[in-house]
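Before any comments, here is the structure.
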Amino acid sequence: MIAGENTSEYSSSVMIAEIKLGRERKDEKYWKEYYSGNEEVEVKRINLEYGKGVFSKKKYQKEEIIMKEIPIIQISKIEDYYNCCGFCLKTLYSKDPTNKYNKVFNQINKDEVVKCKCGMSYCNTKCQKLDYSHSLLCNKIKGLFNYCKKNNVSHPLCISKIFANILISQNIEQSLFPFIVFHSSPLIPFNSEIIPFFLDIFGSLLLKFNIYGGWTFIYQILYSVLKYNSSSILPLNPIQSVLLNNNSLHIDNTLLSSSLINHPDITAFTIEAEGLFKYLNTLNHSCSPNCFLASTDDSCALSLIASCPISPGDELTISYIDNTLPYSQRQSLLYDSYHFYCHCPKCNLMI
Numbered sequence: 001m002i003a004g005e006n007t008s009e010y011s012s013s014v015m016i017a018e019i020k021l022g023r024e025r026k027d028e029k030y031w032k033e034y035y036s037g038n039e040e041v042e043v044k045r046i047n048l049e050y051g052k053g054v055f056s057k058k059k060y061q062k063e064e065i066i067m068k069e070i071p072i073i074q075i076s077k078i079e080d081y082y083n084c085c086g087f088c089l090k091t092l093y094s095k096d097p098t099n100k101y102n103k104v105f106n107q108i109n110k111d112e113v114v115k116c117k118c119g120m121s122y123c124n125t126k127c128q129k130l131d132y133s134h135s136l137l138c139n140k141i142k143g144l145f146n147y148c149k150k151n152n153v154s155h156p157l158c159i160s161k162i163f164a165n166i167l168i169s170q171n172i173e174q175s176l177f178p179f180i181v182f183h184s185s186p187l188i189p190f191n192s193e194i195i196p197f198f199l200d201i202f203g204s205l206l207l208k209f210n211i212y213g214g215w216t217f218i219y220q221i222l223y224s225v226l227k228y229n230s231s232s233i234l235p236l237n238p239i240q241s242v243l244l245n246n247n248s249l250h251i252d253n254t255l256l257s258s259s260l261i262n263h264p265d266i267t268a269f270t271i272e273a274e275g276l277f278k279y280l281n282t283l284n285h286s287c288s289p290n291c292f293l294a295s296t297d298d299s300c301a302l303s304l305i306a307s308c309p310i311s312p313g314d315e316l317t318i319s320y321i322d323n324t325l326p327y328s329q330r331q332s333l334l335y336d337s338y339h340f341y342c343h344c345p346k347c348n349l350m351i
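Letter 262 of the sequence shown, counting from 1, is numbered 262 in full-length UniProt numbering, and no numbers are missing.
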């Protein structure tokens, strides 16, 4: 079951209908129960302009990890698609046969890789079993993969994975909810080029989306949700994970020190990915944020880390962009990418 399984009441149909009418659904009754139960943070409605926000329940010091969250959906960038575990995104193969640390990588990365007949790899049988929706995609994804590779995009592959999760579930209304609860306005125009690929993969199963406005409309919502809300994930690769816990390492006649953890030849093993997170992607933007996101281990989880002291009741914010840019560039970038202007204290000083 996808995230959101503990919610007793789902309003997917109502929320999708409001999206179709061009209305932003910010009413707390739609999502209050879904976000309840977290010990570290609370999601509350702020106002009509900002909708909901994430607030701390506890006190935190600077650089303290507030929470760590696994995504409700995750996928690697297209160039890394077959270099990592199809479920947890752990690096399984070197991307560069000439990398001088390949032998070190192979010595550290001794997991027995499990390979599906379609070419997808997993770091173990547990990850393969957890990727239960792969049964709908196996041996059918090649055409869509080639299209994404040609156009250097990964969202269509991610949406195919979301579709598989939803269609394989016993409750579409419930399985849609964790995705459509996110901001998706204005909707990104639908790209008809992907139609034959999705018809080939899912066939008549796509008819199950008809009561929600059709599968192309759901695709459009999901594409918009990913564009406006998803976060980049850079899991520590196997060499970085070992160096993080050791001051030095001697493998295959090579001495590595922890100071090399960000060396280009070592970061070259890192998988670039994106994911959608229930709480972390509900955080509002500020050009003077009190938190930041970071990968702190070799999993697809992200950590929310305090960038200054935080008190109970404080709204937790991150910066969606490079907040060191000049005011005019920040505002332009935010509007072009997310369709809003920032009114945080840092920006208000410039008005």
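Beta carbons: idealized from backbone N, C-alpha and C, even for Gly.
{"Check": "The stretch 136-156 in contact with the stretch 63-81 per 3-pair CB rule at 8 Å", "Outcome": "yes"}
{"Check": "Distance, F202 Cα to N246 Cα", "Outcome": "47 Å"}
{"Check": "From Y147, H183 and L207, residue whose alpha carbon lies closest to that of S192", "Outcome": "Y147"}
{"Check": "Of the residues F190, I166, I188 and P186, the one placed nearest F179, counting alpha carbons only", "Outcome": "I166"}
{"Check": "Where S248 sits in the DSSP three-state scheme", "Outcome": "strand"}
{"Check": "Separation of F105 from S241, as counted between CA atoms", "Outcome": "11 Å"}
{"Check": "Anticipated Cβ contact below 8 Å, L316 with C291, distance rounded", "Outcome": "5 Å"}
{"Check": "Boundaries of the beta strand (DSSP E) in which N102 is found, first to last residue", "Outcome": "That residue, N102, is in no beta strand (DSSP E); its alpha helix (DSSP H) goes N102 to I108."}
{"Check": "For H155, the three-state DSSP class (helix, strand or coil)", "Outcome": "helix"}
{"Check": "Whether S137 touches S160 by CB criterion (8 Å)", "Outcome": "Looking at the sequence shown, residue 137 is not Ser but Leu. Cβ distance < 8 Å, so L137 and S160 count as in contact."}
{"Check": "Identified DSSP bridge partners for L167", "Outcome": "BP columns for L167 are empty, so no partner."}
{"Check": "L256: first and last residue of the uninterrupted beta strand (DSSP E) it sits in", "Outcome": "T254 to S257"}
{"Check": "Euclidean distance between Cα positions of G67 and C300", "Outcome": "For clarity, residue 67 is Met in the given sequence; the question names Gly instead. Between M67 and C300, the C-alpha separation is close to 14 Å."}
{"Check": "Stretch-stretch touch, CB-based, cutoff 8 Å, three pairs: the stretch 86-93 with the stretch 296-314", "Outcome": "yes"}
{"Check": "Candidates S169, L187, F55 and N237: closest to V225 by CA position", "Outcome": "L187"}
{"Check": "Whole-angstrom distance between V43 and K57, CA atom to CA atom", "Outcome": "10 Å"}
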